[in-house]
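Here the structure comes first, spelled out in structure tokens, and everything after it is commentary.
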Ligand code: FES
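Residue numbers (the UniProt record's numbering): 2 to 107.
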């Protein structure tokens with residue numbers, strides 16, 4: 002499945018992700034700027050914060066409890082569509098997923 006990462010300038014990076022990996026790991030594997038993944042996907046660093054675009058927000062769903070707390074504490078600009086990239090598992094259903102990378106991380 003394809004995942005599209007958009008930076009603050011509106012530049013898109015299209016990545017071929019594998020089913021079962023996460024929005025964070027696919028980004029790190031492909032060197033997408035701004036997705037650091039410092040804690041290795043353990044839901045504890047928030048350096049994988051993204052804003053999920055448009056109708057994908059519904060399909061991706063909301064954060065879990067732990068993730069919700071970390072989003073409150075650890076990110077600069079939390080929005081309704083904020084998620085931690087390491088907590089979004091790629092599925093075929095999410096092919097074409099578009100996420101914005103917050104400028105503070107780039
Ligand atoms: Fe650390 Fe996602 S990689 S919270």
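Every residue, glycine too, gets a C-beta built ideally from N, C-alpha and C.
- Message: Within a Cβ cutoff of 6 Å, which residues of the same chain sit near residue 27, ignoring the five residues on either side of it in sequence?
- Response: 4, 16 and 18
- Item | Contained beta strand (DSSP E) runs [length at least 3] in the UniProt domain "2Fe-2S ferredoxin-type" (3 to 106), N- to C-terminal order | 3 to 7, 13 to 17, 50 to 53, 83 to 85 and 98 to 101
- Looking at residue 85 and the ligand FES, is the gap between the Cβ and the nearest heavy atom below 6 Å? yes
- Item | the ligand FES heavy atom lying under 6 Å from the CB of residue 47 | yes
- Taking 7 Å as the cut-off, decide whether the C-beta atoms of residue 30 and residue 53 are in contact. no
- Message: Suppose contacts are defined by Cβ-Cβ distances below 7 Å. Is residue 35 in contact with residue 88 by that definition?
- Response: no
- Message: Can you tell me whether residue 94 is buried or exposed? The criterion is at least 16 other CB atoms within 10 Å of its CB, across all chains shown.
- Response: exposed
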